[in-house]
Amino acid sequence: MHLRMDALSAAERYKLLAGTVVPRPIAWVSTLSAAGVGNVAPYSFFNMIASAPPLVVLGAMRGANGGLKDTATNILETKEFVVNLVSEPMLEAMNLTCVDAPPEIDEAALAGLEMLPSELIAPPRIAGAPVSLECRLYQAIDAPPGSTIILGEVVAMTIDERFVDAATLRPDPVAMQLMGRVHGVGGYTRIRTDRTLARPVYEAPPAARGGA
Numbered sequence: 001m002h003l004r005m006d007a008l009s010a011a012e013r014y015k016l017l018a019g020t021v022v023p024r025p026i027a028w029v030s031t032l033s034a035a036g037v038g039n040v041a042p043y044s045f046f047n048m049i050a051s052a053p054p055l056v057v058l059g060a061m062r063g064a065n066g067g068l069k070d071t072a073t074n075i076l077e078t079k080e081f082v083v084n085l086v087s088e089p090m091l092e093a094m095n096l097t098c099v100d101a102p103p104e105i106d107e108a109a110l111a112g113l114e115m116l117p118s119e120l121i122a123p124p125r126i127a128g129a130p131v132s133l134e135c136r137l138y139q140a141i142d143a144p145p146g147s148t149i150i151l152g153e154v155v156a157m158t159i160d161e162r163f164v165d166a167a168t169l170r171p172d173p174v175a176m177q178l179m180g181r182v183h184g185v186g187g188y189t190r191i192r193t194d195r196t197l198a199r200p201v202y203e204a205p206p207a208a209r210g211g212a
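Residues 1 to 212 (the numbering used here) are what the sequence shown spells out, left to right.
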């Protein structure tokens with residue numbers, strides 16, 4: 001089956017891409033509006049894309065009316081947000097924050113979440129999240145008609161000390177029970193290590209090394 005994206009509807013493209021580009025990590029994003037109202041929402045169009053500078057990316061889809069949703073509005077207005085990663089014990093609370101609540105409603109309160117102060121930015125982080133990334137807006141890219149691409153620079157990280165080696169700073173994402181999305185209708189998976197492969201080192205063939 002060969003499919004041209006320009007021959008498909010947005011909903012069809014979403015189903016195909018969200019059901020094949022898997023698993024996708026979940027950014028549980030906490031923000032504050034310019035008026036100080038909190039907002040929490042999950043995003044699976046999310047990933048780390050650079051370490052120098054340390055950048056993450058969010059794909060913020062627009063609402064049914066074509067307007068920005070609360071998370072994107074808040075980030076563009078305040079230039080700050082927190083990406084909280086989702087562990088399996090927090091999955092149901094995360095799902096509650098998917099609700100399409102009006103801007104004046106704080107989803108953290110609806111889901112019974114405890115929020116804690118961040119160190120360097122105003123939006124709070126979610127208590128109990130194994131990792132929280134404090135981010136400042138690096139760049140926003142308008143991708144009409146349906147999306148805004150948000151690049152965030154990670155300025156600080158809070159990580160549960162149970163899940164990171166203090167000497168090497170190597171985290172254990174399996175022990176964190178981090179969750180990912182696997183398709184567009186509420187399917188989730190917990191990450192695990194199934195195989196470990198050594199990274200190959202290139203060796204030139206004998207002729208290239210000047211051999212016989």
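For each residue, glycine too, the CB sits at the ideal point set by N, CA and C.
Contact check for Ala10 against Leu58 fails: the beta carbons are separated by 8 Å or more. Rounded to the nearest whole angstrom, the C-alpha separation of Arg192 and Ala207 is 42 Å. Annotation: the stretch 168–207 contains the following complete segments of the beta strand (DSSP E) (minimum length 3 residues), in chain order: 179–183 and 187–190.
Looking at the DSSP output, Ile126 bridges to Met115. For the set Tyr43, Ala34, Thr78 and Leu32, the Cα lying nearest the Cα of Pro25 is the one of Tyr43.
For Ile141, the enclosing beta strand (DSSP E) covers residues Val131 to Ala143. The shortest CA-to-CA distance from Leu110 to any of Ala64, Pro102 and Pro117 is the one to Pro102. Three or more Cβ pairs drawn from the stretch 142–155 and the stretch 72–85 lie within less than 8 Å of each other, which places the two stretches in contact. Taking Leu17 as the centre and dropping the five residues before and after it, the same chain places no C-beta closer than 7 Å to its C-beta.
For Thr31, the closest of Asp142, Gly63, Ser132 and Ala204 by C-alpha to C-alpha distance is Ser132.
If the five residues before and after Val174 are omitted, its C-beta is found closer than 7 Å to the C-beta atoms of Ile191, Arg192 and Thr193, all from its own chain and listed in chain order. Contact between Tyr14 and Gly184 is confirmed by a C-beta separation of about 6 Å, below the 8 Å threshold. Contact annotation, Ala166 with Glu119: C-beta distance approximately 18 Å; criterion of less than 8 Å not satisfied. Residue state for Pro89 is assigned as helix, using DSSP reduced to three classes. Within the same chain, Cβ atoms closer than 7 Å to the Cβ of Gln139 are found at Leu151, the five residues on either side in sequence being excluded. Comparing alpha-carbon positions, the option among Ile141, Cys135 and Pro130 lying closest to Val164 turns out to be Pro130. The three-state secondary structure of Glu104, taken from DSSP, is coil. Ranking Thr71, Ala143 and Ala41 by CA distance to the CA of Met94 puts Ala41 first. Thr71 and Asn39 do touch by the CB rule: their CB atoms are close to 6 Å apart, below 8 Å. In the structure shown, Ala64 falls within a coil segment according to DSSP collapsed to helix, strand and coil. Rounded to whole angstroms, the Cβ separation of Glu80 and Ala122 is 6 Å, and the two are in contact under 8 Å. Apart from sequence neighbours up to five positions away, the residues of its chain that approach Ile159 with a beta-carbon distance below 6 Å are Val131, ordered along the chain.
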